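**Student:** Read in my numbering, the sequence shown has 424 at position 293, and its numbers run on one by one without any break.
Before we start, here is the structure in question, set down as structure tokens.
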Amino acid sequence: MRVIGREDQEQRERDQLAEDASLAAESEGRDRSSAPDVLRTDYQRDRDKILHSKSFRRLSHKTQVFLASEGDHFRTRLTHTLEVAQIARTITRALGLNEDLTEAISLGHDLGHTPFGHTGEAALAAALARHAGIDPASPEAARLYRHNEQSVRVVERIENGGAGLNLTAEVRDGILNHTGNLRAETLEGRIVATADRIAYVNHDIDDAIRAGILREADLPETTHRVLGADHSARIETLVRDMVETSTAEGDIRMSQPVWDAMMELRSFLFANVYTAPPVMAEVEKATHLIGDLFDYYAAHIDEVPADYRAISDGNDLRAVTDYIAGMTDRFATSTYQRLFIPHALSY
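Rendered as structure tokens:
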């Protein structure tokens, strides 16, 4: 038996991975130089830094779509992240690309998510807009807070008391460009972006069925025909199609019929789940809560923890944003109760 160290693993990557894989030994590096690890490649080291971060641990108490307190089996932001990592690694392995880079990006991609999921993200952007004198309903307002940009801020500035995690450029690029029409520089980053969609479309359907909002039979017949009749079949179809199409085209792609079917399911979710009465009832409460917390801390900046104020470069709204964005659902709720409920009871 012998030790398989970093240099051995880097050589294994050169020998075994595909020609267009991202090699750890050829990384663009970190903003601050550091001595290489004896056992781990740079991407393995990045994965471990993220896994041991406070922001990662807090994902276990952040909402995906349905409040975890309503049932033990609904996804949280953490379980979503793990499902993305599993799907992305399966695709990456099949394509001969770098699993360590894929896993690091997957684990870090949602570190900047707010409490209460995308509802919290929209509420935080609206609060920032109000304080900046911008119409909260305008497209400009929506750009004031984006969770992918906040995820990069978390790993570059917020973690470790302002020092950040000092991740490699490839991991940070994948985290930033995992959403919307953005496109990561690496193939591994592009895999994570699509795996994120595969994961949330399918597990949000599963959770909606569990919540009694949907039945499997309610899904469009066209998507059943293309993707399969149930949760497992859909994921298998999407993953296999992505591997086969990417192999044929030399880039990360799905075939058009399969991609269109997944986007049809996504549109179906927006129309029938994300705006369903049980979800919208929670949306209204969460929006109100986030807005009130933001207003309170903007008016009482001295009550924002000192470490957030220290890294805000004198920008009070930045400090408030970082603080609230990092809260878990339950911490945000308990903070709201502490700040506002006693006043209500005194009347």
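Beta carbons are placed, not taken as given, at the ideal position from N, Cα and C, and that holds for glycine.
Because the structure is a prediction, the values reported are computed rather than measured.
Give a yes or no on whether the C-beta atoms belonging to T378 and E159 are separated by under 8 Å.
**Tutor:** Against a cut-off of 8 Å, the Cβ pair of E159 and T378 comes out as no contact.
**Student:** Nearest by alpha-carbon distance to A156: which of R143, R163, D162 is it?
**Tutor:** A156 has its Cα closest to that of R143, out of R143, R163, D162.
**Student:** Using only the alpha-carbon positions, how far apart do R365 and A219 sit?
**Tutor:** Going from the Cα of R365 to the Cα of A219 covers about 15 Å.
**Student:** Entirely within the stretch 280-358 and at least 4 residues each: give me those alpha helix (DSSP H) ranges in chain order.
**Tutor:** Runs found: 300-307, 318-341, 352-358.
**Student:** Give the secondary structure of T210 by DSSP, where H, G and I count as helix, E and B as strand, and everything else as coil.
**Tutor:** Looking at T210 - three-state DSSP - the assignment turns out to be helix.
**Student:** Just to confirm my understanding: we take A260, look at its own chain, exclude 5 residues before and 5 after, and list those with CB closer than 8 Å. What are they?
**Tutor:** Same-chain partners within the cutoff: D266, P267, S269, E271, A272, L275.
**Student:** From the DSSP output, read off the bridge partner residues of R161.
**Tutor:** R161 pairs with T299.
**Student:** Just checking my contact of I383 with L318 at CB under 8 Å: how many whole Å lie between their CB atoms?
**Tutor:** Confirmed, about 6 Å.
**Student:** Could you please give me the residues that DSSP links to T194 through a beta bridge?
**Tutor:** Paired residue(s): T207.
**Student:** Is L154 close to chain B? Criterion is C-beta to C-beta, closer than 8 Å.
**Tutor:** Of the chains in the structure shown, none is chain B; there is only one protein chain.
**Student:** What number of angstroms, rounded off, separates the C-alpha of Q281 from the C-alpha of R133?
**Tutor:** Using only the alpha carbons, I get a separation of about 42 Å.
**Student:** Taking 8 Å as the cut-off, does the stretch 231-250 touch the stretch 337-350 (at least 3 CB pairs, one atom from each stretch)?
**Tutor:** Flag = no, the stretch 337-350 and the stretch 231-250 do not touch.
**Student:** My output table needs one value for H278: the three-state DSSP class, helix, strand or coil.
**Tutor:** The answer is helix: DSSP assigns H278 an H, G or I state.
**Student:** Straight-line CA distance for D335 to L350?
**Tutor:** D335 and L350: Cα-Cα distance of roughly 12 Å.
**Student:** Express the C-alpha separation of R206 and D337 in angstroms, rounding to a whole number.
**Tutor:** Spanning the two alpha carbons is a distance of roughly 9 Å.
**Student:** Does the distance from the CB of H211 to the CB of A330 come in under 8 Å?
**Tutor:** Yes; because the gap between Cβ atoms is below 8 Å, this pair is in contact.
**Student:** Determine the direct distance from the alpha carbon of L148 to that of G243, and round the result to whole angstroms.
**Tutor:** If you take the alpha carbons of G243 and L148, they lie about 31 Å apart.
**Student:** Drop a sphere of 10 angstroms on the beta-carbon of K185, count the other beta-carbons inside from all chains shown, and report buried for 16 or more, exposed for fewer.
**Tutor:** Label assigned to K185: exposed.
**Student:** Using three-state DSSP, classify I442 as helix, strand or coil.
**Tutor:** I442: coil per DSSP, three-state reduction.
**Student:** Nearest CA to the CA of L358: which residue from E375, P388, E380?
**Tutor:** The shortest Cα separation from L358 among E375, P388, E380 belongs to P388.
**Student:** Decide if the stretch 454-463 is in contact with the stretch 424-433; the criterion is three or more beta carbon pairs, one per stretch, under 8 Å apart.
**Tutor:** Yes, they touch.
**Student:** Starting from P408, follow the alpha helix (DSSP H) in both directions and report where the run begins and ends.
**Tutor:** From DSSP, the alpha helix (DSSP H) with P408 extends over 408-430.
**Student:** Leaving aside the five residues before and after R163 along the sequence, list all residues of the same chain whose C-beta is less than 7 Å from its C-beta, in chain order.
**Tutor:** Correct list, in chain order: N297.
**Student:** In angstroms with no decimal places, state the Cα-to-Cα distance between T406 and V196.
**Tutor:** Rounded to whole angstroms, T406 to V196 spans 11 Å at the Cα level.
**Student:** In whole angstroms, what separates the C-alpha of S398 from that of G311?
**Tutor:** Each residue's alpha carbon lies about 14 Å from the other.
**Student:** Can you tell me where the alpha helix (DSSP H) holding F103 begins and where it ends?
**Tutor:** The first residue shown for the chain is 132 and the last is 478, placing residue 103 beyond what the model contains.
**Student:** In chain order, what residues of the same chain have a beta carbon less than 7 Å from the beta carbon of A216, not counting five sequence neighbours either side?
**Tutor:** Excluding positions up to five away in sequence, the list reads E234, S237, L238.
**Student:** Just curious, the alpha helix (DSSP H) that H362 is in, first and last residue?
**Tutor:** Segment 362-380, the alpha helix (DSSP H) holding H362.
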